[in-house]
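Residues in the sequence shown are numbered consecutively from 1200, following the numbering used here. Notes to accompany the following structure.
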Amino acid sequence: MKSFTIAIACELAPAKTLIPIIKRLKELESEKSLNWNKSKIIGLTHGTGVKELINPYCDEIYSIGEGRRAGKVKRTNISLGYLIAKDIFKAIKALRGKSVDLLITCGNAGDVRKSIIAANLLKIPIIHIEQDIYNPIEVIAFSNLITIPSEKYKDFLKEVYYIDCLKEMDYKKEIDYEKEIDYKKEIDYEKNLNKEEESYVDHVENIHGYPMASYVNEKIKDGKLIAKKEIVEKYGTNDFILVVLGGDVKNSDLKKLIEAIQKSDFPTLIVPYRFEKESIESLIKSKKVQVLDGFVDLLSLMKSANLLIYGAGMGMTIETGVLEVPSIKIAGFHKKHGSVDLARKLKIPIFEIEELSIFLSELRQYNLKNPEDINNFINNNIKKPDGKKLVENGEIAIKRVVNIINNFNLKNPPKKSGFKSIKAIWNQRSQYR
């Protein structure tokens, strides 16, 4: 194959999953180790800050809409449907006529829904990288192949979402992913497809980790994080608690959460992320709390913080694990969530708002008596996560995804699960609405 065109669709956090995969593909391409000579990458962006992030890795970039922010006036179903349809048309326009061979998606937001629908209408094969199988976007049922981070999730996909996970094909048994992969390996798909008992190519692949962990680790190693000195100069404090308000925080919990955060009486920086800055500021009474503007260098702030408190999902949990920052995950409405599984594995404590309030009150009392030794209190009560294995598995996951892409059968791709799976996923997601 002389050329290969890949489209990627992503919001900010999923972009950090896709970047190391694209980088690895380009490296192998330059070594002539892939099944094509030259690739073209088309980026479909969704939300703030994504274009800037993926621009160095894409040949063309198109916006297909904006993510929803909490705190704004809730739209009617008709209005929301119109905006989604409008963005789907944007995605179709971005993909049509570009000879796209494969769409790769990641995450569970609007970018996945819009791009997968567009790709299906244009008959473009789809690989979806799923990081949280408890709360996926329903249209992943219309992707040809889904990757998962752990073998334990296969049964859930099959039993709850009716996404088939049949026995592994012969070619998978021949590959040792701990060793270097022969990306040029020829796979006899026709032989496997002609076997009656294996007439359905496995729809789900376990990649054994999170590629995003590698992205975060590279950022740290490359020295691209902002120095602590610059952060002190910008925000006027050497010691601070960083609070990130993401998609796992309910609007109805916001007032109670902000009240709890102010119990520390300690310099605190709040990144509103999914909320309007003004709606957060209206709840702040303490002069020690600052609400930051939308797009910030979050990794640098996390690395410099004495303590991180976050109400977010998989992306933040991966970043926290790799950075090994003392952290507390707020128990949001996603009680069963991939990020909850990972947080527990990394030994990141998960606090209800009431528990957080008690902890920060204790921190305040300790700080009054020992103002120069706040880190001792934090480190004795909140252990740093160990991210070494997370990074190692991230590298394995990248190798696996690259191998899947390189050997993807475009002429006879895996079949899609379809409407039965869509309904099952929709019912599962309804508990989070």
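Don't be surprised by glycine CBs; every beta carbon is placed ideally from N, CA and C. From a predicted model like this one, the values you see are computed outputs, not experimental measurements.
- When DSSP reads this structure, H1327 sits in a beta bridge with T1304 and I1345.
- In the structure shown, the three-state DSSP call for T1247 is coil.
- Rounded to the nearest whole angstrom, the CA to CA distance from E1551 to H1402 is 37 Å.
- Straight-line spacing of the CA atoms in L1294 and N1437 works out to 47 Å.
- Judged by DSSP in its simplified three-state form, V1470 adopts strand.
- Taking 8 Å as the upper bound for CB-CB distance, G1264 and K1313 are in contact here, some 6 Å apart.
- Proximity to S1560 across I1460, T1519 and S1262 peaks at I1460, based on C-alpha coordinates.
- When the alpha-carbon of K1239 is set against those of K1449, T1216, I1207 and G1446, the nearest one is in I1207.
- Spanning the alpha carbons of D1421 and I1221 requires a straight line of approximately 18 Å.
- Of the candidates D1354, L1233 and I1430, the residue whose Cα lies closest to the Cα of F1607 is L1233.
- With fewer than 16 other CB atoms across the displayed protein chains lying within 10 angstroms of its CB, I1277 is exposed.
- Listed as beta-bridge partners of Q1489 by DSSP are L1468.
- In the three-state reduction of the DSSP assignment, T1519 falls in the helix class.
- The C-alpha of P1613 lies about 28 Å from the C-alpha of I1253.
- For G1510 and G1531, the gap between their C-alpha atoms comes out near 7 Å.
- For I1207, the enclosing beta strand (DSSP E) starts and ends at S1202 to C1209.
- When the five nearest sequence neighbours on each side are left out, the beta carbons in the same chain lying within less than 6 Å of the beta carbon of G1520 are those of L1545, P1584, G1586 and L1589, in order along the chain.
- By the CB criterion at 8 Å, M1515 and L1541 fall outside the cutoff.
- Pairing I1328 with T1204 gives a Cβ-Cβ distance that is not under 8 Å.
- Cβ neighbours of L1609 within its own chain (closer than 8 Å, five residues either side excluded): D1300, L1301 and P1324.
- Secondary structure of S1298 (DSSP, three-state): coil.
- If the five residues before and after N1592 are omitted, its C-beta is found closer than 6 Å to the C-beta atoms of H1407 and G1408, all from its own chain and listed in chain order.
- Boundaries for N1578: no beta strand (DSSP E) harbours it, while the alpha helix (DSSP H) harbouring it runs I1573 to N1580, taken from the DSSP string.
- Sequence-distant partners of F1341 (beyond 5 residues in either direction) whose C-beta falls short of 6 Å from its own C-beta, in its chain, are I1315, N1319 and K1615.
- Comparing alpha-carbon positions, the option among V1495, G1309, E1251 and K1619 lying closest to V1442 turns out to be V1495.
- Secondary structure of N1626 (DSSP, three-state): helix.
- Assigned with DSSP and collapsed to three states, L1482 falls in coil, not helix or strand.
- Taking the Cβ atoms as the reference, I1581 lies roughly 7 Å from S1526, within the contact range of under 8 Å.
- The beta carbon of K1619 sits closer than 7 Å to those of Y1361, all from its chain and outside the five residues before and after it, given in chain order.
- Note: L1507 is bridge-paired with L1441 and S1526 in the DSSP secondary-structure output.
- Of the candidates K1351, T1346 and L1356, L1356 places its Cα closest to the Cα of A1623.
- Linking G1617 to L1279 through their CA atoms gives a straight-line distance of about 24 Å.
- For Y1409, there is no enclosing alpha helix (DSSP H), as DSSP gives it neither H nor E.
- Taken through DSSP and simplified to helix, strand or coil, E1551 comes out as coil.
- With contacts defined as CB atoms closer than 8 Å, I1469 and Q1489 qualify as a contacting pair.
- By the Cβ-count criterion, M1200 is exposed, with fewer than 16 other Cβ atoms from all chains shown falling within 10 Å of its own Cβ.
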